[in-house]
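A.B. asks:
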């Protein structure tokens, strides 16, 4: 077995194990704590991934959770964050509108799963603040760490040397990211979230694998969404 084949096989196992643990843990928790099974399963897989990376001599800093360092890098953070927010909102709104136009869903109607999970946020400050915290910790920080930092890095090793390798390395985690949101957002969530994941994965590579702009942009967009729900505003 060549070194490249060995590296590809290891990365494929790591990728498969990460997805299996995340989805498997969530499936086990769903009957008991459905609303929070996603954040908990993400915490479990990130804890195990951290231990595994440490055993391999790798760190999250190598995957993008690093100090920008030079002042020029710090200066780039703000425009990178702004671009991330614009991309997430643009891709999300554009895809939702296109799906509505094609008759795949109704943009104005929330999926039943979204209403069941977050409907009690409206006018409820403690619940709003709870989900706001989870938006930053689990979605903004956790999802970017796992779906972009860990999964894209592993997918890169799996696809290395193949045609369109970088595109596939971004596409694979994006597809899994979309599937992870299907259970409560339906087809609309799968497609919209999947395309957002594809966009964020592309930005991850363009930002030289710096996760911080994506973490902040993701957190800001989720904050807008939860604030709109809390205020019962249509945005």
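Numbering (our numbering), first residue to last: 1406 to 1640. Cβ atoms here follow ideal geometry from the backbone N, Cα and C, with glycine treated the same way. This one's a predicted model, so the numbers in the text were calculated from it and none came from an experiment.
Which of the three DSSP states, helix, strand or coil, is assigned to residue 1415?
C.D. replies: Locating residue 1415 in the chain shown gives position 10, where the first residue counts as 1. Three-state DSSP puts residue 1415 in a helix.
A.B. asks: Specify, as a first and last residue, the run of the alpha helix (DSSP H) that residue 1633 falls within.
C.D. replies: In the chain shown, the residue the question calls residue 1633 occupies position 228. Segment 1617-1635, the alpha helix (DSSP H) holding residue 1633.
A.B. asks: Mind checking which residues open and close the alpha helix (DSSP H) that includes residue 1541?
C.D. replies: Sequence index remark: in the chain shown, residue 1541 carries index 136 (1-based). Segment: none, residue 1541 is in no alpha helix (DSSP H) and carries neither H nor E.
A.B. asks: Taking buried to mean at least 16 other C-beta atoms within 10 Å of its own C-beta, is residue 1613 buried or exposed?
C.D. replies: Here residue 1613 corresponds to residue number 208 of the chain shown, with the count starting at 1. The residue in question, residue 1613, is exposed, as its Cβ has fewer than 16 Cβ neighbours within 10 Å.
A.B. asks: Could you tell me if the beta carbon of residue 1618 falls within a distance shorter than 7 angstroms of some heavy atom in the ligand NAD?
C.D. replies: The ligand content of the structure shown is nil, which means the ligand NAD is not present either.
A.B. asks: Along the alpha helix (DSSP H) that carries residue 1610, what are the first and last residues, could you check?
C.D. replies: In the chain shown, the residue the question calls residue 1610 occupies position 205. Element bounds for residue 1610: 1587-1611.
A.B. asks: Does DSSP put residue 1512 in a helix, in a strand, or in coil?
C.D. replies: On the chain shown, residue 1512 is found 107 positions in, with the first residue counted as 1. Here residue 1512 sits in coil by DSSP.
A.B. asks: Which stretch, first to last residue, makes up the alpha helix (DSSP H) that contains residue 1564?
C.D. replies: Residue mapping note: residue 1564 aligns to position 159 of the chain shown, counting from 1. Here the alpha helix (DSSP H) through residue 1564 covers 1556-1564.
A.B. asks: Going by DSSP in three states, residue 1642 sits in which element: helix, strand or coil?
C.D. replies: There is simply no residue 1642 to check, as the chain begins at 1406 and stops at 1640 in what is shown.
A.B. asks: CB residue 1543 to CB residue 1444, shorter than 8 angstroms?
C.D. replies: Position 138 of the chain shown, counted from the first residue, corresponds to residue 1543. Position 39 of the chain shown, counted from the first residue, corresponds to residue 1444. Contact: yes.
A.B. asks: Determine the burial state of residue 1615: buried for a count of at least 16 other Cβ atoms within 10 Å of its Cβ, exposed for fewer.
C.D. replies: Within the chain shown, residue 1615 is the residue found at index 210, counting from 1. It is buried - the Cβ of residue 1615 has at least 16 other Cβ atoms within 10 Å.
A.B. asks: In three-state terms, what does DSSP make of residue 1428?
C.D. replies: Translated into positions along the chain shown, residue 1428 becomes position 23. Helix, per DSSP.
A.B. asks: Between the alpha carbons of residue 1511 and residue 1440, how many angstroms are there, rounded?
C.D. replies: In the chain shown, the residue the question calls residue 1511 occupies position 106. In the chain shown, the residue the question calls residue 1440 occupies position 35. About 24 angstroms.
A.B. asks: Who are the Cβ neighbours of residue 1624 in its own chain at under 8 angstroms, not counting the five residues just before and after it?
C.D. replies: Position 219 of the chain shown, counted from the first residue, corresponds to residue 1624. Within the same chain, residue 1624 has close Cβ partners 1540, 1541, 1544, 1545, 1546.
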